[in-house]
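Residue numbers (the working numbering): 91 to 467.
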């Protein structure tokens, strides 16, 4: 009979690919997400971190193992393991700084080609650390693309050679870096919203599984010897939230949105506008429904619809304590037929408030327990 003193956990292997934009308009150094991820991989078992630097061209930097051994066995001391991983990643970061990537421009096309090549041997986890909004070289001229809606910009991109890139074997994690460098203006909420939408839609259009983009707020000097680019393009005021959420229809007699994703896209823009308002501004969400059924049933349905929108606002980053969800029993606003709308309203104090209103102009079935054709007063 064979015995052993302890069970050994199975080793899992993850090969992480970090694509580092190296321009004079983004921070130099390893993103916090990459640091955290390599620590997780080292804890789980075997794996590695491969790095490419991208400016005017894409250049391989190197690879480090994320397996830490002592006397032929995995290091079990967490402090010693993390210390060794930190030493290896710091050395790799210095190699990024020393890698030439050209003198002008940033080629997102080249970065995406690196992701494609990295997945040829099997599915690959790829971290794309980029500003996305810096100057680029053909066939992707981002400063011009930012003059339009992110989805429309992706449609234009897919008319170029980029459309031939296949990212179906890539799990893409975009890490969107802060603007930096001499004379660089800070990015606005609208800029962040644009680039999040753009890189997400572009990745999906190329077949990748795209995780929620992460904004890296680390402040650091630009990479030494980086590719020079022009000042970041800025998004025009078109990203101001629309007056109405056209896709916010609910199912009849329910508080279930017909197209939740479409409403979330509109809410992201609403949140962007809210963040430009005075601190402490209130958001009023008013739910509506049709004039059929009992007053109690209509009020309850309208309240639940308002709460659905309020929950989405919280998920998008608005403080819950500043949102007021109310119901307007059995009435619909007379000025529009679309289901929800946000507008700025007056306030008795010096603070601004916003009102998001939801309605469905007609319902085909009774609400609550009343007669289906009994209008509410």
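For each residue, glycine too, the CB sits at the ideal point set by N, CA and C.
Remember, predicted model here, so these are calculated numbers, not experimental data.
Measure the C-alpha to C-alpha separation of residue 259 and residue 250 and round it to an integer number of angstroms.
Cα to Cα, the separation comes out at about 21 Å.
If you draw a straight line from the C-alpha of residue 120 to the C-alpha of residue 186, how long is it?
Computed Cα separation, rounded: 9 Å.
Between the region 101 to 114 and the region 305 to 317, can you find at least three pairs of beta-carbon atoms closer than 8 Å?
The region 305 to 317 is in contact with the region 101 to 114.
Within the region 194 to 281, ranges of the alpha helix (DSSP H) (whole runs, at least 4 residues)
Whole alpha helix (DSSP H) segments, 4+ residues: 198 to 208, 232 to 235 and 240 to 247.
When you compare only the Cα positions, how much space is there between residue 472 and residue 205?
Residue numbering for the chain in the displayed model covers 91 to 467; residue 472 lies beyond these limits and cannot be assessed.
Along the chain, where does the beta strand (DSSP E) containing residue 306 start, and where does it finish?
Run containing residue 306: 304 to 306, per the beta strand (DSSP E) assignment.
Which listed residue (192, 233, 178 and 348) has its alpha carbon closest to that of residue 129
Comparing Cα positions, the closest option is 178.
Straight-line gap, residue 245 to residue 141 (C-alpha atoms, nearest Å):
Computed Cα separation, rounded: 29 Å.
Here's the rule I'm using: 16 or more other beta-carbon atoms within 10 Å means buried, otherwise exposed. How should residue 503 be labelled?
Residue numbering for the chain in the displayed model covers 91 to 467; residue 503 lies beyond these limits and cannot be assessed.
CA-CA distance, residue 321 and residue 275?
Spanning the alpha carbons of residue 321 and residue 275 requires a straight line of approximately 8 Å.
How many angstroms separate the CA atom of residue 191 from the CA atom of residue 415?
If you take the alpha carbons of residue 191 and residue 415, they lie about 53 Å apart.
Where does residue 291 fall in DSSP's three states?
Of the three classes helix, strand and coil, the one that applies to residue 291 here is helix, per DSSP.
DSSP three-state label for residue 152, please.
Strand, per DSSP.
Is it true that the CB of residue 392 sits closer than 8 Å to the CB of residue 417?
Yes; because the gap between Cβ atoms is below 8 Å, this pair is in contact.
Straight-line Cα distance separating residue 227 from residue 194
When rounded, the distance between both Cα atoms is 9 Å.
What's the gap between the Cα of residue 341 and the Cα of residue 348?
Their Cα atoms are separated by approximately 6 Å.
For residue 139 versus residue 154, is the C-beta spacing smaller than 8 Å?
Their beta carbons are under 8 Å apart, which means residue 139 touches residue 154 by this criterion.
Buried versus exposed call for residue 306 [16 or more other C-beta atoms within 10 Å across all chains shown]:
Taking every protein chain shown into account, the CB of residue 306 has 16 or more other CB atoms within 10 angstroms, so this residue is buried.
Residue 383 versus residue 390 - alpha carbon distance
Cα to Cα, residue 383 sits roughly 11 Å from residue 390.
Residue 180 burial status per 10 Å Cβ neighbour count (16 or more: buried):
Residue burial annotation: residue 180 is exposed, with fewer than 16 other C-beta atoms found within 10 angstroms of its C-beta.
Return the first residue and the last residue of the beta strand (DSSP E) that residue 109 is part of.
Run containing residue 109: 104 to 111, per the beta strand (DSSP E) assignment.
Considering Cα atoms alone, identify which of 199, 164, 159 and 127 is closest to residue 477.
The requested residue 477 does not occur in the structure, where the chain is confined to residues 91 to 467.
Tell me which same chain residues have a C-beta within less than 8 Å of the C-beta of residue 230, skipping the five on either side of it?
Here residue 230 has 197, 198, 199, 247, 250 and 252 as same chain residues with Cβ atoms under 8 Å from its own Cβ, once five neighbours each way along the sequence are excluded.
For residue 147, which of helix, strand or coil comes out of DSSP?
DSSP, read as helix, strand or coil, puts residue 147 in coil.
If we ignore side chains and look at the alpha-carbon of each, how far apart do residue 137 and residue 376 end up?
The alpha-carbon atoms of residue 137 and residue 376 are separated by roughly 51 Å.
Could you compute how far the alpha carbon of residue 388 sits from the alpha carbon of residue 411?
Each residue's CA atom was taken as its position, placing residue 388 and residue 411 some 25 Å apart.
Can you give the Cα-Cα distance for residue 108 and residue 255, rounded to whole angstroms?
Approximately 18 Å between the Cα atoms of the pair.
Near residue 240, what residues of its chain come up, given a Cβ to Cβ distance below 7 Å and the 5 sequence neighbours on each side ignored?
Cβ within range, chain order: 284, 287, 288 and 291.
Where do the ends of the beta strand (DSSP E) carrying residue 77 lie?
Since the first and last residues shown for the chain are 91 and 467, residue 77 lies out of range.
Quick one: give me the first and last residue of the alpha helix (DSSP H) that residue 359 is part of.
Here the alpha helix (DSSP H) through residue 359 covers 350 to 364.
Rounded to a whole number of angstroms, what is the C-alpha to C-alpha distance between residue 123 and residue 217?
Going from the Cα of residue 123 to the Cα of residue 217 covers about 9 Å.
Please list the terminal residues of the continuous alpha helix (DSSP H) segment that includes residue 398.
Residues 385 to 405.
Euclidean distance between Cα positions of residue 132 and residue 265:
Distance from the CA atom of residue 132 to the CA atom of residue 265, rounded to whole angstroms, is 21 Å.
Boundaries of the alpha helix (DSSP H) in which residue 179 is found, first to last residue:
168 to 188 is the extent of the alpha helix (DSSP H) around residue 179.
Alpha carbon to alpha carbon, what distance is there between residue 396 and residue 378?
Residue 378 and residue 396 have their alpha carbons spaced roughly 8 Å apart.
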